[in-house]
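Novice:
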Amino acid sequence: MESYDLIVVGAGPGGSVAAMTAAELGMKALMLERANYPGEKNASGFALSSKGERDFPFLKEVEFPSMRIGRRTQAHFLSPPPEMEERFSMVTATSRRISYPEGRDYFVKTMYRPELDRYLAERAVRKGAELRLKTLVTGMVWEAGKVCGVRTEGGEEYRAPVVIGADGVMSMTARMAGLREKFGRDEVVSLCTVDYAVPKERADAVIHENCFQTYFAPGFGGLYLIVMADGVHVGGPGVTNSLVSRAVRKRINPAKEVLQMINCPPIQRQLTALDARPREWQAHMLPWMDQFNRRIYTGGFMLVGDAAGVPEPLWAEGVWQAMYSGRLAAETAHEALQEGDTSASSMQRYCDRLEQSPVGQEFIAGVQLRQLFEMLGDPVIFDEATDLLVDLSNNMLWNCQEPKAVSINRLFPILFENLPLLMGMLRVYAPILLETGGDSLRKRIEMIKGVAAMVAQMTGGEVEA
Ligand SMILES: Cc1cc2nc3c(=O)[nH]c(=O)nc-3n(C[C@H](O)[C@H](O)[C@H](O)COP(=O)(O)OP(=O)(O)OC[C@H]3O[C@@H](n4cnc5c(N)ncnc54)[C@H](O)[C@@H]3O)c2cc1C
344 MESYDLIVVG AGPGGSVAAM TAAELGMKAL MLERANYPGE KNASGFALSS KGERDFPFLK
404 EVEFPSMRIG RRTQAHFLSP PPEMEERFSM VTATSRRISY PEGRDYFVKT MYRPELDRYL
464 AERAVRKGAE LRLKTLVTGM VWEAGKVCGV RTEGGEEYRA PVVIGADGVM SMTARMAGLR
524 EKFGRDEVVS LCTVDYAVPK ERADAVIHEN CFQTYFAPGF GGLYLIVMAD GVHVGGPGVT
584 NSLVSRAVRK RINPAKEVLQ MINCPPIQRQ LTALDARPRE WQAHMLPWMD QFNRRIYTGG
644 FMLVGDAAGV PEPLWAEGVW QAMYSGRLAA ETAHEALQEG DTSASSMQRY CDRLEQSPVG
704 QEFIAGVQLR QLFEMLGDPV IFDEATDLLV DLSNNMLWNC QEPKAVSINR LFPILFENLP
764 LLMGMLRVYA PILLETGGDS LRKRIEMIKG VAAMVAQMTG GEVEA
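For the sequence shown, the tail end lands on 808 under the working numbering, and the numbers increase by one without skipping.
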């Protein structure tokens with residue numbers, strides 16, 4: 344039996360950052376991973392948001408072979424099946440209003456998971472953590488009502504006053520620690536993905552920095568298309584359909600839906616332009632919680648990453664969240680060891696900090712914003728919203744069929760006709776605005792009232808207080 348200060352189960356992004364942080368803080372840390380190498384069993388292609396470099400500056404020095412920078416993002420709105428052609432498409436650059444420089448520079452960097460996971464695990468080892476591969480954790484060791492070690496399939500026992508469960512969505516450690524059996528039906532989504540090999544020159548020429556694209560069609564959940572340096576990852580079904588299926592308590596068939604959507608002409612044209620060759624088919628689960636999960640600790644034990652259910656509740660982004668929670672958990676473990684208190688109340692500090700951090704804050708607005716997707720999941724509303732976008736852009740900007748003076752005058756009729764839709768959207772945004780920015784919003788409303796009064800005075804009108 345070997346003893347450590349901290350044992351981390353799982354060498355995904357959450358586990359590796361936990362082990363790396365612990366080693367940097369001078370703890371003797373052990374990381375146990377069931378796979379042959381870190382990232383072997385994880386979803387292959389993915390996009391890491393610029394929050395990663397903001398919070399983990401060492402990532403700025405990393406240049407993986409599969410990496411592509413995403414300074415543009417594109418959403419495609421398609422017509423209903425069987426046509427499924429482009430009706431409205433929107434490419435956006437980053438906003439200059441984003442609060443940190445990396446976020447103003449780019450949205451995401453795309454890459455293959457084995458490269459990132461391997462790099463993070465190796466960095467943890469370089470910092471002093473120990474990594475054991477091909478080691479499946481199957482049991483937990485308890486002492487005085489607290490977790491104090493783990494057992495492996497091979498019969499080894501490892502001891503530590505704190506154990507971190509970073510073993511992903513199907514977390515066995517969560518169950519063994521008595522925190523839950525497994526995530527409930529409505530706490531997970533299933534995603535299917537197809538990975539394609541593409542020649543790098545083609546990807547550079549066709550995609551360049553527009554490497555994170557989404558496709559939506561009425562009645563379909565939507566698909567994401569992520570382009571790496573020399574690969575494409577198409578996955579779904581997206582959030583809207585997961586929500587609709589959840590709302591009507593009916594499970595959709597993700598594999599069927601993804602394949603049907605991949606066959607739509609705009610995606611096929613992209614794949615042809617890229618000379619994409621199918622390479623791998625994958626099916627994965629992902630936690631997707633309606634509220635921040637507080638059942639993530641007990642005496643001597645904390646859950647991080649997917650095991651804790653922290654993926655962001657609107658788009659289900661989870662790698663930065665796993666890394667962030669891994670670091671917080673390791674810091675809490677370090678504090679607990681210094682104080683000689685690994686009780687549940689000591690571990691609770693991790694949960695409180697995570698809830699107050701940007702990871703937890705996402706659950707304030709993210710879940711409410713899902714109602715927008717719920718609305719768009721209705722094929723009729725989706726069509727109306729697409730009509731609105733098409734009508735506005737055609738009549739206000741891109742009209743070459745009629746005199747501008749005629750088409751521009753359609754603005755108010757278009758807005759008026761779409762009032763129920765616009766009010767529906769406002770009904771989703773207004774409570775979030777009031778909850779998150781109540782005071783400043785009230786001040787702005789007062790300011791608008793003041794300006795209105797001033798204008799009325801100047802023009803000789805009367806204004807009610
Ligand atoms: C299809 C798909 C696409 C995604 N795309 C994105 C994206 O673009 N951007 C983004 O930010 N997020 C994305 N995510 C979410 C992201 O993949 C997860 O949130 C992230 O992997 C969570 O990291 P983790 O370290 O918590 O868990 P994981 O990455 O799941 O790592 C858990 C590790 O624990 C190991 N393990 C499990 N059980 C045991 C055991 N008993 N003993 C030892 N080892 C064990 C596993 O082998 C694994 O290596 C996507 C998810 C899916 C499914």
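Note that beta-carbon positions come from the ideal geometry of N, C-alpha and C, so glycine has one too. Computed from a prediction, not measured in an experiment: that's the story for all the values here.
In the DSSP assignment, what residue or residues form a beta bridge with R475?
Specialist: Here the question's residue 475 lines up with position 132 in the sequence shown. In DSSP, R475 forms a bridge with L375.
Novice: Cα separation between L329 and R502?
Specialist: Residue 329 is absent from the structure shown; the chain starts at 344 and stops at 808.
Novice: Consider the C-beta atom of P580 and the heavy atoms of ligand 1; say whether any pair is separated by less than 7 angstroms.
Specialist: The residue you call residue 580 lines up with position 237 of the sequence shown. Residue side-chain check: P580 keeps its Cβ at 7 angstroms or more from all non-hydrogen atoms of ligand 1.
Novice: Which value, in whole angstroms, describes the spacing of the CA atoms of L776 and L769?
Specialist: The count along the sequence shown starts at 1 and reaches residue 776 at position 433. The count along the sequence shown starts at 1 and reaches residue 769 at position 426. Here the alpha carbon of L776 sits roughly 10 angstroms from the alpha carbon of L769.
Novice: Might you give, ordered along the chain, the residues of its own chain that have their beta carbon closer than 7 angstroms to the beta carbon of A808, omitting 5 neighbours on each side?
Specialist: Here the question's residue 808 lines up with position 465 in the sequence shown. Residue placement at A808 is flagged as unreliable, the pLDDT there being 45, under the threshold of 50; the coordinate-derived value follows with that caveat. Nothing meets the Cβ criterion.
Novice: What does a CB cutoff of less than 6 angstroms around K394 pick up in its chain, not counting 5 residues either side in sequence?
Specialist: Against the sequence shown, residue 394 aligns to sequence position 51. Excluding five sequence positions before and after K394, the CB atoms of its chain that fall closer than 6 angstroms to its own CB belong to W663, given in chain order.
Novice: From this set, T437, L391, F420, which residue's C-alpha is nearest I610's C-alpha?
Specialist: Counting from 1 along the sequence shown, the entry for residue 610 is found at position 267. Per the Cα distances, F420.
Novice: Rounded to a whole number of angstroms, what is the C-alpha to C-alpha distance between F725 and A560?
Specialist: Working through the sequence shown from its first residue, we reach residue 725 at position 382. Working through the sequence shown from its first residue, we reach residue 560 at position 217. The straight-line gap from Cα to Cα measures roughly 8 angstroms.
Novice: Keeping to the same chain, check which residues put their C-beta closer than 7 angstroms to that of V794; ignore five residues upstream and five downstream.
Specialist: As a first step, residue 794 is located in the sequence shown; it is residue number 451 there, counting from the start. Closer than 7 angstroms at the Cβ level, and outside the excluded window around V794, lies no residue.
Novice: Which of the three DSSP states is assigned to P597 in this structure?
Specialist: In the sequence shown, residue 597 corresponds to position 254, counting from 1. Note: P597 maps to helix in three-state DSSP.
Novice: T615: buried (16+ other C-beta within 10 angstroms of its C-beta) or exposed?
Specialist: Numbered from 1 along the sequence shown, position 272 holds the residue referred to as residue 615. Classification for T615: exposed.
Novice: The beta strand (DSSP E) that contains L566, what's its start and end?
Specialist: The sequence position of residue 566 within the sequence shown is 223, counting from 1. Note, L566: beta strand (DSSP E), 566-570.
Novice: In whole angstroms, what is the alpha-carbon distance linking L349 and L712?
Specialist: The sequence position of residue 349 within the sequence shown is 6, counting from 1. The sequence position of residue 712 within the sequence shown is 369, counting from 1. L349 and L712 have their C-alpha atoms roughly 38 angstroms apart.
Novice: Which residues in the same chain have their Cβ closer than 6 angstroms to the Cβ of S686, if we skip the five residues on either side of it in sequence?
Specialist: Stepping through the sequence shown from its first residue, residue 686 is reached at position 343. Only G642 meet the Cβ criterion.
Novice: Return yes when at least one heavy atom of ligand 1 lies under 7 angstroms from the C-beta of D529, else no.
Specialist: Here residue 529 corresponds to residue number 186 of the sequence shown, with the count starting at 1. In this structure, D529 has its CB at a distance of at least 7 angstroms from all heavy atoms of ligand 1.
Novice: Apart from the five residues on each side of it in sequence, which residues of its chain come closer than 6 angstroms, Cβ to Cβ, to V484?
Specialist: If you number the sequence shown from 1, residue 484 lands on position 141. The residues are C491, G492.
Novice: Taking 7 angstroms as the cut-off, is the C-beta of V352 nearer than that to any heavy atom in ligand 2?
Specialist: This structure lacks ligand 2; its bound ligands are ligand 1.
Novice: Using DSSP's beta-bridge definition, name the partner residues of G413.
Specialist: Walking along the sequence shown from the start, residue 413 turns up at place 70. G413 is bridged to V451.
Novice: Counting only the same chain and skipping the five closest in sequence on each side, list residues whose C-beta sits under 8 angstroms from that of S700.
Specialist: Your numbering for residue 700 matches position 357 in the sequence shown. So the qualifying residues of the chain are Y667, L671.
Novice: I need the boundaries of the alpha helix (DSSP H) containing I788, first residue and last residue.
Specialist: Numbered from 1 along the sequence shown, position 445 holds the residue referred to as residue 788. It spans 762-801 - the alpha helix (DSSP H) in which I788 sits, taken as one unbroken run.
Novice: Nearest-angstrom Cα distance between G357 and G648?
Specialist: What you label residue 357 is simply residue 14 of the sequence shown in a count that begins at 1. What you label residue 648 is simply residue 305 of the sequence shown in a count that begins at 1. In a straight line, the C-alpha of G357 is about 5 angstroms away from that of G648.
Novice: Under the DSSP definition of a beta bridge, which residues are partnered with P621?
Specialist: As a working mapping, residue 621 is identified with position 278 in the sequence shown. P621 is bridged to Y539.
Novice: Identify the residues that DSSP records as bridge partners of H627: which are they?
Specialist: Here residue 627 refers to the residue found at position 284 when the sequence shown is read from its first residue. Beta-bridge pairing links H627 to L534.
Novice: Taking 7 angstroms as the cut-off, is the beta-carbon of M515 closer than that to any non-hydrogen atom of ligand 1?
Specialist: As a position in the sequence shown, residue 515 is number 172, starting the count at 1. Yes; taking the cut-off as 7 angstroms, the Cβ of M515 has a heavy atom of ligand 1 nearer than that.
Novice: Would you report the Cα separation of F563 and E600, rounded to the nearest angstrom?
Specialist: Position 220 of the sequence shown holds residue 563. Position 257 of the sequence shown holds residue 600. Cα to Cα, F563 sits roughly 8 angstroms from E600.
Novice: If contact is defined by three or more beta carbon pairs under 8 angstroms, each pair taking one atom from either stretch, is the segment 743-763 in contact with the segment 781-794?
Specialist: no
Novice: Less than 7 angstroms between the CB of G521 and some heavy atom of ligand 1, yes or no?
Specialist: Residue numbering aside, residue 521 sits at position 178 when the sequence shown is read from its first letter. No - ligand 1 has no heavy atom lying nearer than 7 angstroms to the Cβ of G521.
Novice: Return the residue from the list S359, R456, P580 that minimises the CA-CA distance to E465.
Specialist: One-based indexing of the sequence shown puts residue 465 at position 122. Here the closest residue by C-alpha is S359.
Novice: Tell me the rounded alpha-carbon separation between R638 and W658.
Specialist: Here the question's residue 638 lines up with position 295 in the sequence shown. Here the question's residue 658 lines up with position 315 in the sequence shown. Using only the alpha carbons, I get a separation of about 22 angstroms.
Novice: CB-CB under 6 angstroms to S422, same chain, minus the five flanking residues each way: which ones, in chain order?
Specialist: The residue given as residue 422 occupies position 79 in the sequence shown. Hits under 6 angstroms: E428, R430.
Novice: Would you check if the distance between the CB atom of R469 and the CB atom of S387 is smaller than 8 angstroms?
Specialist: Along the sequence shown, read from residue 1 onward, the residue named residue 469 stands at position 126. Along the sequence shown, read from residue 1 onward, the residue named residue 387 stands at position 44. No, Cβ-Cβ distance for R469 and S387 is not below 8 angstroms.
Novice: Have a look at F401 and L463 and give me their C-alpha separation to the nearest angstrom.
Specialist: By one-based count along the sequence shown, residue 401 stands at place 58. By one-based count along the sequence shown, residue 463 stands at place 120. Straight-line Cα distance between these residues: approximately 10 angstroms.
Novice: By a C-beta neighbour count over all protein chains shown, 10 Å radius and 16 as the cutoff for buried, is P444 buried or exposed?
Specialist: Locating residue 444 in the sequence shown gives position 101, where the first residue counts as 1. With fewer than 16 Cβ atoms within 10 Å of its Cβ, P444 is classed as exposed.
Novice: Along the beta strand (DSSP E) that carries M433, what are the first and last residues, could you check?
Specialist: Locating residue 433 in the sequence shown gives position 90, where the first residue counts as 1. Going by DSSP, M433 is part of the beta strand (DSSP E) stretching over 429-436.
Novice: Taking the alpha helix (DSSP H) that E458 belongs to, which residues open and close that run?
Specialist: Within the sequence shown, numbered from 1, the residue matching residue 458 stands at position 115. Start and end: 456-469.
Novice: Check whether the segment 688-705 touches the segment 357-377, taking contact to mean three or more Cβ pairs, one atom from each stretch, closer than 8 angstroms.
Specialist: no
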